[in-house]
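**Student:**
Protein chains in written order, with this note's numbering: chain D, 405 to 533; chain G, 398 to 473; chain F, 5 to 430; chain L, 271 to 619.
1. Of all the CB atoms in chain L, is at least one closer than 7 Å to the CB of residue 414 of chain F?
2. Please go through the same chain and pick out, in chain order, the residues whose beta-carbon is closer than 6 Å to the beta-carbon of residue 417 of chain F, but skip the five residues on each side of it.
3. I need the boundaries of the alpha helix (DSSP H) containing residue 376 of chain L, first residue and last residue.
4. Find the nearest neighbour of residue 326 of chain F within the set F/336, F/337, F/341 and F/387, judged by alpha-carbon distance.
5. Residues of chain L with CB closer than 7 Å to the CB of residue 260 of chain F, please, in chain order.
6. Here's the rule I'm using: 16 or more other beta-carbon atoms within 10 Å means buried, otherwise exposed. How should residue 442 of chain D be labelled?
7. So which of L/409, L/319 and L/328 has the shortest CA-CA distance to residue 289 of chain L?
8. Once DSSP output is grouped into helix, strand and coil, what is the label at residue 545 of chain L?
9. Roughly how many angstroms lie between the CA atoms of residue 395 of chain F and residue 502 of chain D, to the nearest whole one?
10. 7 Å is my cut-off, CB to CB: does residue 591 of chain L come that close to chain F?
11. Pick out whichever of L/310, L/449 and L/459 has its Cα sitting closest to the Cα of residue 386 of chain L.
12. Which first and last residues belong to the beta strand (DSSP E) in which residue 207 of chain F is found?
13. Along the chain, where does the beta strand (DSSP E) containing residue 460 of chain G start, and where does it finish?
14. For residue 277 of chain F, which three-state DSSP category applies?
15. In terms of DSSP beta bridges, what is residue 298 of chain L paired with?
16. Given this structure, state the Cα-to-Cα distance separating residue 404 of chain G from residue 384 of chain L, to the nearest angstrom.
17. Go ahead and pull the three-state DSSP assignment for residue 429 of chain D.
18. Once you ignore the five residues that flank residue 174 of chain F on each side, which residues in its own chain have a CB closer than 7 Å to its CB?
19. Locate the alpha helix (DSSP H) running through residue 258 of chain F, then write down its first and last residues.
20. Report yes if the C-beta distance between residue 449 of chain D and residue 474 of chain D is below 7 Å; otherwise report no.
21. Could you compute how far the alpha carbon of residue 291 of chain L sits from the alpha carbon of residue 463 of chain G?
22. Determine contact between the stretch 512-525 of chain D and the stretch 570-582 of chain L, defined as no fewer than three beta-carbon pairs at a distance below 8 Å.
23. Mapping DSSP to helix, strand and coil, what is residue 437 of chain G?
24. Flag residue 432 of chain D as yes if its beta-carbon sits less than 7 Å from any beta-carbon of chain F, otherwise no.
25. Closer than 8 Å is the cut-off here; do at least three beta carbon pairs connect the stretch 59-78 of chain F with the stretch 237-248 of chain F?
26. Give the DSSP-derived three-state secondary structure of residue 591 of chain L in the structure shown.
27. Out of curiosity, what's the CA-to-CA distance linking residue 113 of chain F and residue 382 of chain F?
28. Is DSSP giving residue 440 of chain L helix, strand or coil here?
29. Taking contact to mean 3 or more Cβ pairs, one atom from each stretch, closer than 8 Å, check whether the stretch 273-289 of chain L and the stretch 153-170 of chain F are in contact.
30. Return the residue from the list L/395, L/348 and L/556 that minimises the CA-CA distance to residue 506 of chain L.
31. Within this structure, are the beta carbons of residue 414 of chain G and residue 440 of chain G separated by less than 7 Å?
32. Touch check for the stretch 439-448 of chain L and the stretch 286-293 of chain F: three-plus C-beta pairs under 8 Å?
33. Go through its chain and collect everything with a Cβ distance to residue 457 of chain G's Cβ below 8 Å, but skip five positions before and after it.
34. Report the neighbours of residue 417 of chain G on chain D: residues whose CB is nearer than 9 Å to its CB, in chain order.
35. Taking 6 Å as the cut-off, is the CB of residue 317 of chain F close to at least one heavy atom of the ligand FMN?
36. Any beta carbon of chain F sitting closer than 7 Å to that of residue 457 of chain L?
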């Protein structure tokens with residue numbers, strides 16, 4: 405199983421680059437989800453929920469998702485979850501404020517930590533196989 | 398989209414690769430296609446065979462259109 | 005397991021020396037509490053303040069709310085695995101200081117949220133406006149990472165609550181309640197004709213600032229398990245959650261879980277309250293599947309006829325909620341879910357991030373996107389600096405006259421998903 | 271304080287003109303309260319009065335909807351109404367539609383709030399519940415007293431632009447709009463009581479009905495394929511080279527209508543995919559893979575189908591039901607119907 409992080413969070417890139425492949429998206433959180441959706445159609449499946457965290461999608465600019473390559477076709481559950489997440493994010497609308505550097509750093513940290521827990525689980529799963 | 402068109406009273410057959418999605422969006426007549434980037438083709442086949450494959454799927458779809466259904470039906 | 009709760013009503017809260025609890029009046033030596041908290045070198049400073057119901061006071065950004073309690077008889081102490089040793093709690097006798105709380109405040113992250121208004125329209129939405137609150141505003145040591153800061157604030161709040169509880173050790177309770185849950189075999193025989201009902205309690209466990217601890221264990225790492233309801237009353241579960249003020253379960257909510265109270269009230273009369281199944285809300289999808297499968301399996305194993313499922317937070321926890329509901333219903337066990345809604349400011353969007361026809365019985369804590377105007381208060385405990393940055397606020401949240409226009413989600417406990425409040429929506 | 275000005279709309283039956291045989295009575299304006307308006311007046315007390323009553327036959331209204339509505343709007347505006355009340359229509363279908371139309375138009379065009387009353391199964395409910403306030407009534411005029419008791423206070427609140435409570439508080443049918451309010455009991459007790467009712471097989475009312483998984487009944491099958499006109503629609507984004515309509519690469523907000531008359535196949539180079547999501551190489555190399563025009567053309571020539579429709583419709587969809595997709599899908603459906611199409615093949619990637 406090959407795993408992959410899709411993220412627009414620079415902290416993720418710094419933390420995981422070299423350990424887990426990171427596909428860095430230079431764009432918004434919805435763009436990350438679209439990239440995730442496309443990868444799911446191309447044979448990846450979700451390892452983490454695309455709506456991670458209780459910080460609302462119109463608050464945090466960052467989104468990171470952990471995916472795994474599948475051996476056998478498309479994973480419809482992943483596609484449906486991602487489509488649904490895109491729908492939810494659209495419902496919340498765009499971020500309406502200008503965050504300062506400090507707050508952006510905090511959002512990066514929370515996003516990275518949400519992913520880290522899952523990434524550790526995924527790495528543990530990999531070792532066991 | 399399938400649902401809104403069917404609402405006009407016209408029979409609609411949905412040819413799609415991900416049948417669970419089709420079921421979720423409420424299509425009533427569903428015909429599975431080949432794979433995502435090329436639902437009705439297969440690049441590993443030559444042109445003639447690809448066409449035959451496509452025609453087979455389309456015939457299946459037309460058959461679905463002439464079949465009465467009372468609930469969501471996947472025509473495998 | 006049997007626990008007697010002795011309730012001591014706190015009628016007034018004041019600073020003074022020496023500290024004492026006498027005739028309902030709680031006197032606190034602020035310097036002593038300060039000194040205790042400052043023993044932790046991760047804390048640079050702590051300010052103590054008192055906020056009473058009806059006062060023109062706004063507390064923000066609130067992190068946790070904790071009710072002081074003291075274990076009088078029985079094994080273990082309050083908040084096992086965190087403050088006390090990890091002994092199993094939930095039996096014997098515990099005193100509860102009713103009508104007050106310890107509120108921790110401190111800006112852990114830049115977008116931190118959580119408002120408690122002690123009067124005005126905002127006060128109607130938070131249960132904590134009705135309490136005498138001892139507020140701890142905690143400043144971290146320079147350069148302290150956020151997760152350590154969170155830990156320091158958590159620990160300061162719990163320690164203070166226990167310290168206050170200790171003042172009441174020799175007091176005489178105004179009233180007592182006995183809560184008892186027998187073992188499975190005995191419980192089965194006791195009320196053979198009553199429906200067996202369990203409580204599935206979902207704990208926020210997604211990661212940094214989204215954590216809950218069970219006997220000191222990060223809930224992210226647990227498999228669903230069964231607790232006696234009385235274990236929660238002794239602090240078996242505590243909050244480490246700093247986000248989503250309106251629908252996070254504070255430690256106060258865990259200690260006074262209203263589903264547990266209301267199930268006990270009908271226990272032996274209309275239903276047989278079997279126990280609490282705790283489960284988590286992880287980001288990792290395999291965990292979601294494992295936890296929901298285990299939860300449904302435990303419901304079946306306990307021979308339940310029905311279950312109430314409560315949630316914490318929004319977004320992917322909606323997926324856990326729906327998975328739990330669907331899988332438990334699939335076992336032939338009837339469910340009611342408790343959630344809250346994010347239906348947009350106009351109330352016209354879909355309320356949950358996930359849904360399923362199996363979830364046909366739902367109680368809601370209201371629409372968290374509802375816009376509310378909070379008039380200015382005479383005094384702010386904490387700081388308003390962050391009000392434009394809290395969830396549900398925006399650039400224009402802070403009006404020139406000092407009032408705040410924001411969504412209900414900024415108010416601590418406003419749309420609680422354990423059914424703590426009367427707020428609902430249709 | 272001056273009394274609030276109310277205009278009331280009723281049908282020929284409640285005006286005492288007659289039943290079905292008088293349903294073609296043209297719209298007329300009468301001064302003061304008529305019929306059920308008297309009961310409303312009693313409820314209003316000193317706070318409001320019905321300044322005028324508009325009466326119209328149900329058939330008349332439904333058969334001349336535009337012009338009748340225009341006339342009614344003019345009257346309501348001239349009366350300087352603070353609020354309009356229509357009905358209640360109980361379970362009368364055409365009366366319900368008339369009440370719903372008048373209420374929603376008066377609100378939308380004149381900015382005057384309105385309230386009506388109907389039985390939940392009245393067809394007017396589904397048409398207008400999100401556009402006006404519809405008090406839930408019994409299914410016959412026997413429910414007049416109850417209906418009026420709820421309609422009058424709600425009308426006063428609307429006229430004064432006071433905050434309107436949740437549907438359960440005010441008695442109106444849910445408008446697809448969630449409104450907060452304080453229940454009598456806390457949520458946990460409500461949950462326990464709901465569970466007990468569910469366990470005992472008694473009726474219970476969920477506080478949040480899950481979004482209905484709206485299903486459309488399957489349309490009847492085609493009887494005669496060899497004479498049928500078949501149209502192609504795709505969410506796979508097949509467009510003429512260069513994407514002239516600039517259909518977005520994902521979750522598109524628009525669709526394109528393109529002509530394939532006389533084409534035996536979709537030539538690579540002439541056609542391509544606008545879909546940004548997936549690897550477009552295959553679809554660009556052979557657009558028929560996504561829109562099987564070549565196969566249908568062959569089957570048309572063989573006489574298997576009557577005709578392949580000259581136009582096809584294309585968008586980039588994502589499968590899920592998004593509000594904008596719904597809107598343009600309705601438009602596509604209408605165009606297909608208008609051009610005499612008998613059945614549709616919809617392909618998705």
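Backbone N, C-alpha and C define an ideal beta-carbon position, used for all residues, glycine too.
**Tutor:** Result, derived from the coordinates:
1. Against the third chain, residue 414 of chain F aligns to sequence position 410. No, residue 414 of chain F lies away from the interface with chain L (no Cβ there is under 7 Å from its Cβ).
2. By 1-based counting over the third chain, the position of residue 417 of chain F is 413. Answer for residue 417 of chain F: 130 and 131, listed in chain order.
3. As a first step, residue 376 of chain L is located in the fourth chain; it is residue number 106 there, counting from the start. Per DSSP, residue 376 of chain L belongs to the alpha helix (DSSP H) from 363-380.
4. One-based indexing of the third chain puts residue 326 of chain F at position 322. Minimum Cα-Cα distance from residue 326 of chain F among the listed residues F/336, F/337, F/341 and F/387 corresponds to F/341.
5. Your numbering for residue 260 of chain F matches position 256 in the third chain. Under the 7 Å cutoff, chain L gives no residues; its nearest Cβ is about 11 Å from residue 260 of chain F.
6. The residue you call residue 442 of chain D lines up with position 38 of the first chain. Around the CB of residue 442 of chain D, 16 or more other CB atoms lie within 10 Å, so the residue is classed as buried.
7. The count along the fourth chain starts at 1 and reaches residue 289 of chain L at position 19. For residue 289 of chain L, the nearest C-alpha among the options comes from L/328.
8. For the purposes of this step, residue 545 of chain L is taken as the residue at position 275 of the fourth chain. Of the three classes helix, strand and coil, the one that applies to residue 545 of chain L here is coil, per DSSP.
9. By one-based count along the third chain, residue 395 of chain F stands at place 391. By one-based count along the first chain, residue 502 of chain D stands at place 98. The predicted position of residue 395 of chain F is uncertain, since its pLDDT is 49 and thus under 50; a value taken from the coordinates is nonetheless stated next. Rounded to whole angstroms, residue 395 of chain F to residue 502 of chain D spans 13 Å at the Cα level.
10. Within the fourth chain, the letter at position 321 stands for residue 591 of chain L. Residue placement at residue 591 of chain L is poorly supported in this model, since its pLDDT is 43, which falls under 50; the coordinates still yield a value, given next. For residue 591 of chain L, the answer is no, since every Cβ of chain F falls outside 7 Å of its Cβ.
11. As a working mapping, residue 386 of chain L is identified with position 116 in the fourth chain. Checked all of L/310, L/449 and L/459; the closest Cα to residue 386 of chain L is L/310.
12. The residue labelled residue 207 of chain F in the question sits at position 203 within the third chain. Per DSSP, residue 207 of chain F belongs to the beta strand (DSSP E) from 200-208.
13. Numbered from its first residue, the second chain carries residue 460 of chain G at position 63. Boundaries for residue 460 of chain G: no beta strand (DSSP E) harbours it, while the alpha helix (DSSP H) harbouring it runs 444-462, taken from the DSSP string.
14. If you number the third chain from 1, residue 277 of chain F lands on position 273. Three-state DSSP puts residue 277 of chain F in a strand.
15. For this step, residue 298 of chain L is matched to residue 28 along the fourth chain. The secondary-structure analysis by DSSP pairs residue 298 of chain L across a beta bridge with L/325.
16. Locating residue 404 of chain G in the second chain gives position 7, where the first residue counts as 1. Locating residue 384 of chain L in the fourth chain gives position 114, where the first residue counts as 1. C-alpha of residue 404 of chain G to C-alpha of residue 384 of chain L: approximately 31 Å in a straight line.
17. Translated into the one-based positions of the first chain, residue 429 of chain D becomes position 25. In the structure shown, residue 429 of chain D sits in coil (DSSP, three-state: anything other than H, G, I, E or B).
18. Your numbering for residue 174 of chain F matches position 170 in the third chain. Once the five neighbours on either side are set aside, residue 174 of chain F has no close Cβ partner at all.
19. By one-based count along the third chain, residue 258 of chain F stands at place 254. Start and end: 255-259.
20. Within the first chain, residue 449 of chain D is the residue found at index 45, counting from 1. Within the first chain, residue 474 of chain D is the residue found at index 70, counting from 1. In contact: residue 449 of chain D and residue 474 of chain D (Cβ atoms closer than 7 Å).
21. Here residue 291 of chain L refers to the residue found at position 21 of the fourth chain. Here residue 463 of chain G refers to the residue found at position 66 of the second chain. Rounded to whole angstroms, residue 291 of chain L to residue 463 of chain G spans 44 Å at the Cα level.
22. No: fewer than three Cβ pairs fall under 8 Å.
23. Indexing the second chain from 1 puts residue 437 of chain G at position 40. Here residue 437 of chain G carries a coil assignment [DSSP, helix/strand/coil].
24. The residue given as residue 432 of chain D occupies position 28 in the first chain. With a threshold of 7 Å between beta carbons, residue 432 of chain D makes no contact with chain F.
25. Touching, yes, given that three or more Cβ pairs across the two stretches are closer than 8 Å.
26. Stepping through the fourth chain from its first residue, residue 591 of chain L is reached at position 321. Because the pLDDT of residue 591 of chain L is 43, which lies under 50, any placement of that residue in the model is unreliable, and the question is left without a value.
27. Position 109 of the third chain, counted from the start, is the residue given in the question as residue 113 of chain F. Position 378 of the third chain, counted from the start, is the residue given in the question as residue 382 of chain F. Taking the straight line joining both Cα atoms gives about 26 Å.
28. Start at 1 with the first residue of the fourth chain, and residue 440 of chain L comes out as number 170. Assigned with DSSP and collapsed to three states, residue 440 of chain L falls in helix.
29. No: fewer than three Cβ pairs fall under 8 Å.
30. As a working note, residue 506 of chain L is residue 236 in the fourth chain. Nearest option by C-alpha distance: L/556.
31. Translated into the one-based positions of the second chain, residue 414 of chain G becomes position 17. Translated into the one-based positions of the second chain, residue 440 of chain G becomes position 43. No, Cβ-Cβ distance for residue 414 of chain G and residue 440 of chain G is not below 7 Å.
32. Between the stretch 439-448 of chain L and the stretch 286-293 of chain F there are fewer than three C-beta pairs closer than 8 Å, too few to call the two in contact.
33. Counting from one through the second chain, the residue named residue 457 of chain G turns up at place 60. Cβ-Cβ distances below 8 Å link residue 457 of chain G to 428 and 472 in the same chain, with the five nearest sequence neighbours on each side left out; the list follows chain order.
34. In the second chain, the residue the question calls residue 417 of chain G occupies position 20. Residues of chain D passing the Cβ test: 480, 481, 483 and 484.
35. Annotation note on the ligand FMN: not contained in the displayed structure, which lists no ligands.
36. Residue 457 of chain L sits at position 187 when you count from the first residue of the fourth chain. So yes, residue 457 of chain L belongs to the interface.
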